[in-house]
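Student: Pasting a structure below so you can have a look.
Protein chains in written order, with the working numbering: chain R, 554 to 762; chain U, 98 to 373.
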């Protein structure tokens, strides 16, 4: 009897150990991947923050700043994704041509808004405090110090798509920029008969005004 | 009592403004055959939107014509250090109410911070002008009655845009009333001088706060397609973030005789902390 049991249990035990080892490796590699994602996001944001500070504190005019900011945005921000998010449920209602126009205008208006927000600041410092994971991405939390202002908490939401990190949202003192923009557009559309073309006209005015 | 008489003078004016706004009516619900629109209407939770928009328009006109220019003048005339000291001085008056709210929120570490801030800033900080307490390890935090109610589990309710006070909700409105009642500085003194000093403090406080957000508010409303909706969204998100920060902050109070180093604030339960 006991001889029977021992001849059966040896291979089973080995199989179990092999399975256990495989599970442990899968979990730890997932954890390792998550860690490496967080590291990648932190490194990516550190670089972007350095570039931003260089532009903001550099002594150049508005148009030069706009060009430099455009480079940073193109390299590191998922503008198309943010644009689609901001149109929300109206994206599906828009025609292909309207969608294309919207994305183009969104790019222009975003650059204008960012250049405007950055404004005449100089002597700005951004220091990265910590990084943690969330459902929709990795949050890199930083503190922005503007002269003559209290320090502001700014969180950068980074998504890693095929190994490439991109910023998909900026959360300033608890307020998400893309969510606020979506609420703005959606309120505008509700008051304008859900007409995407009315939104496009308004965006054209903003981009050119 | 001076507190009541001040309140009873302001209430009729507020009531009149609200009545005028209320005549504009309630928002119309989207048709039931558009489930996305209905879901969004529910999520926005702004059933008296037309009224709110009227009040916002009145407030905005008043702000553009009178209040913002005053704030810009205030900022131009007084140097930064004077404005900072004024801000500290005015903020110091808020510490007793803040401490009461911290206690009601069962945040002993925060209550201790508020109390020590009041004591050290009033004495060493010469009447609250200099903020020495932060350097001593008692930083400031947010705590008002609206947050207390939120931490007690009171839901926020629909969006209400109040005259003068701006974005609010039923819970926050009750919170404002509670803070007013709990503030000992509103009950001190009964004669005309104390009343006028009280009005003066309120006025300069409002000017001080307005002057601190001039540029940011300009940018937000200038870049928005619908400034009313943008402010509604920003206000709610910011409020929610404040409440969550307060809820998650469970710094334990370490007795002075405990030799170990003070640990970092933790989210999970720890000695002397309470979770809501």
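For each residue, glycine too, the CB sits at the ideal point set by N, CA and C.
As the structure is a prediction and not an experimental result, all values here were calculated from the model.
Alpha carbons only, please: which of 715(R), 567(R), 615(R) is nearest the one belonging to residue 669(R)?
Tutor: The sequence position of residue 669(R) within the first chain is 116, counting from 1. It is 615(R).
Student: Does the beta carbon of residue 433(U) come closer than 8 Å to any beta carbon on chain R?
Tutor: Nothing about residue 433(U) can be read from this structure; chain U reaches only from 98 to 373.
Student: Check whether the Cβ atoms of residue 192(U) and residue 208(U) sit closer than 8 Å, and answer yes or no.
Tutor: Translated into the one-based positions of the second chain, residue 192(U) becomes position 95. Translated into the one-based positions of the second chain, residue 208(U) becomes position 111. Not in contact: residue 192(U) and residue 208(U) (Cβ atoms no closer than 8 Å).
Student: Can you list, in chain order, the residues of the segment 710-729 of chain R whose Cβ is nearer than 8 Å to any Cβ on chain C?
Tutor: Protein chains in the displayed structure are R and U, and chain C is not among them.
Student: Could you name the residues of the segment 309-335 of chain U whose beta carbon sits closer than 7 Å to any beta carbon of chain R, in the order they occur along the chain?
Tutor: 316, 320, 321, 322, 323, 326, 327, 330, 331, 334, 335
Student: Does the beta carbon of residue 133(U) sit closer than 8 Å to a beta carbon anywhere in chain R?
Tutor: Against the second chain, residue 133(U) aligns to sequence position 36. Interface residue, yes.
Student: For the pair the segment 655-664 of chain R and the segment 696-712 of chain R, tell me if three or more CB-CB distances fall below 8 Å.
Tutor: Too few Cβ pairs lie closer than 8 Å, so no.
Student: Express the C-alpha separation of residue 199(U) and residue 236(U) in angstroms, rounding to a whole number.
Tutor: Position 139 of the second chain, counted from the first residue, corresponds to residue 236(U). Position 102 of the second chain, counted from the first residue, corresponds to residue 199(U). So the two alpha carbons sit approximately 14 Å from each other.
Student: Quick one: grab the DSSP three-state call for residue 706(R).
Tutor: The residue given as residue 706(R) occupies position 153 in the first chain. Strand, per DSSP.
Student: Grab me the residues of residue 156(U)'s own chain with a C-beta within less than 8 Å of its C-beta, minus the 5 sequence neighbours each way, in chain order.
Tutor: Taking the first residue of the second chain as 1, we reach residue 156(U) at position 59. Counting only Cβ-Cβ distances below 8 Å, and skipping sequence neighbours, we find 258, 260, 261, 263.
Student: Within its chain, find whatever has a CB closer than 8 Å to the CB of residue 591(R); leave out the 5 residues flanking it on each side and keep chain order.
Tutor: If you number the first chain from 1, residue 591(R) lands on position 38. Answer for residue 591(R): 684, 685, 686, 691, listed in chain order.
Student: Could one say the Cβ of residue 755(R) lies closer than 8 Å to chain U's Cβ atoms, at least one of them?
Tutor: The sequence position of residue 755(R) within the first chain is 202, counting from 1. By this cut-off, residue 755(R) is an interface position.
Student: Ends of the beta strand (DSSP E) at residue 718(R)?
Tutor: Along the first chain, one-based indexing puts residue 718(R) at 165. Following the DSSP letters along the chain, one finds residue 718(R) inside the beta strand (DSSP E) bounded by residues 717-725.
Student: Does the contact criterion of 3 or more C-beta pairs under 8 Å hold for the segment 635-649 of chain R versus the segment 579-598 of chain R?
Tutor: no
Student: Tell me which residue opens and which closes the alpha helix (DSSP H) that residue 312(U) is part of.
Tutor: What you label residue 312(U) is simply residue 215 of the second chain in a count that begins at 1. First-last of the alpha helix (DSSP H) with residue 312(U): 311-320.
Student: Which of the three DSSP states, helix, strand or coil, is assigned to residue 712(R)?
Tutor: The residue labelled residue 712(R) in the question sits at position 159 within the first chain. Of the three classes helix, strand and coil, the one that applies to residue 712(R) here is strand, per DSSP.
Student: What are the start and end residues of the beta strand (DSSP E) that includes residue 264(U)?
Tutor: For this step, residue 264(U) is matched to residue 167 along the second chain. Segment 263-265, the beta strand (DSSP E) holding residue 264(U).
Student: Are the C-beta atoms of residue 579(R) and some chain U residue less than 8 Å apart?
Tutor: As a working mapping, residue 579(R) is identified with position 26 in the first chain. By this cut-off, residue 579(R) is not an interface position.
Student: Are there any heavy atoms of the ligand MN lying less than 7 Å away from the beta-carbon of residue 163(U), as far as the coordinates show?
Tutor: Looking at this structure, you won't find the ligand MN or any other ligand, since it has none at all.
Student: Across the segment 304-321 of chain U and the segment 275-283 of chain U, are there enough close Cβ pairs to call them in contact, namely three or more that are closer than 8 Å?
Tutor: In this structure the segment 304-321 of chain U does not touch the segment 275-283 of chain U; the number of beta carbon pairs closer than 8 Å is below three.
Student: For residue 717(R) and residue 634(R), I'd like the C-alpha separation in whole angstroms.
Tutor: Translated into the one-based positions of the first chain, residue 717(R) becomes position 164. Translated into the one-based positions of the first chain, residue 634(R) becomes position 81. C-alpha separation (whole angstroms): 14 Å.
Student: Is residue 606(R) closer than 8 Å to residue 678(R) when the C-beta atoms are compared?
Tutor: Translated into the one-based positions of the first chain, residue 678(R) becomes position 125. Translated into the one-based positions of the first chain, residue 606(R) becomes position 53. The Cβ atoms of residue 678(R) and residue 606(R) sit closer than 8 Å to each other.
Student: Would you call residue 185(U) buried or exposed, if buried means 16 or more other Cβ atoms sit within 10 Å of its Cβ?
Tutor: The sequence position of residue 185(U) within the second chain is 88, counting from 1. By the 16-neighbour rule on beta-carbons within 10 angstroms, residue 185(U) is buried.
Student: Please list the terminal residues of the continuous beta strand (DSSP E) segment that includes residue 687(R).
Tutor: Within the first chain, residue 687(R) is the residue found at index 134, counting from 1. Here the beta strand (DSSP E) through residue 687(R) covers 678-687.
Student: Please tell me whether residue 555(R) has its Cβ less than 8 Å away from any Cβ of chain U.
Tutor: Sequence index remark: in the first chain, residue 555(R) carries index 2 (1-based). Summary for residue 555(R): the model assigns pLDDT 47, below 50, so the residue's position carries little reliability; its value from the coordinates is reported in the next sentence. Residue-level contact by beta carbon fails for residue 555(R) and chain U, as no gap is shorter than 8 Å.
Student: Where DSSP assigns a beta bridge to residue 691(R), which residues make up the other side?
Tutor: For this step, residue 691(R) is matched to residue 138 along the first chain. BP columns for residue 691(R) point to 686(R), 711(R).
Student: Would you mind stating whether residue 222(U) and residue 228(U) have Cβ atoms separated by less than 8 Å?
Tutor: Numbered from 1 along the second chain, position 125 holds the residue referred to as residue 222(U). Numbered from 1 along the second chain, position 131 holds the residue referred to as residue 228(U). In this structure, residue 228(U) lies closer than 8 Å to residue 222(U) by Cβ.
Student: When the Cα atoms are used, what is the spatial distance from residue 277(U) to residue 188(U)?
Tutor: If you number the second chain from 1, residue 277(U) lands on position 180. If you number the second chain from 1, residue 188(U) lands on position 91. Answer to the nearest angstrom: the Cα atoms are 15 Å apart.
Student: Does the segment 246-254 of chain U touch the segment 266-277 of chain U, meaning 3 or more C-beta pairs lie closer than 8 Å?
Tutor: yes
Student: What residues from chain U crowd round residue 573(R), counting only those whose CB sits closer than 9 Å?
Tutor: In the first chain, counting from the first residue as 1, residue 573(R) sits at position 20. Chain U residues near residue 573(R): none, gap ~29 Å exceeds 9 Å.
Student: Using a Cβ-Cβ distance under 8 Å, would residue 618(R) count as near chain U?
Tutor: Sequence index remark: in the first chain, residue 618(R) carries index 65 (1-based). With 8 Å as the cut-off, residue 618(R) does not count as an interface residue toward chain U.
Student: Once the 5 residues before and after residue 756(R) are set aside, which same chain residues still bring their CB inside 6 Å of it?
Tutor: Taking the first residue of the first chain as 1, we reach residue 756(R) at position 203. Answer for residue 756(R): 658, 662, listed in chain order.
Student: How would you call residue 365(U), buried or exposed, if buried means at least 16 neighbouring beta carbons within 10 angstroms?
Tutor: Taking the first residue of the second chain as position 1, residue 365(U) is located at position 268. Confidence in residue 365(U) is poor, its pLDDT being 47 and thus under 50, which makes the residue's placement unreliable; the coordinate value appears in the next sentence. An exposed status is given to residue 365(U), since fewer than 16 other beta-carbon atoms sit within 10 Å of its beta-carbon.
Student: Is there a C-beta anywhere in chain R that falls below 8 Å from the one on residue 338(U)?
Tutor: Here the question's residue 338(U) lines up with position 241 in the second chain. For residue 338(U), the answer is yes, since a Cβ of chain R falls inside 8 Å of its Cβ.
Student: Suppose you measure from the CA of residue 688(R) to the CA of residue 762(R); what does that come to, to the nearest Å?
Tutor: By one-based count along the first chain, residue 688(R) stands at place 135. By one-based count along the first chain, residue 762(R) stands at place 209. Taking the straight line from one Cα to the other gives about 38 Å.
Student: How many angstroms separate the CA atom of residue 620(R) from the CA atom of residue 190(U)?
Tutor: The residue labelled residue 620(R) in the question sits at position 67 within the first chain. The residue labelled residue 190(U) in the question sits at position 93 within the second chain. Roughly 47 Å between the two C-alpha positions.
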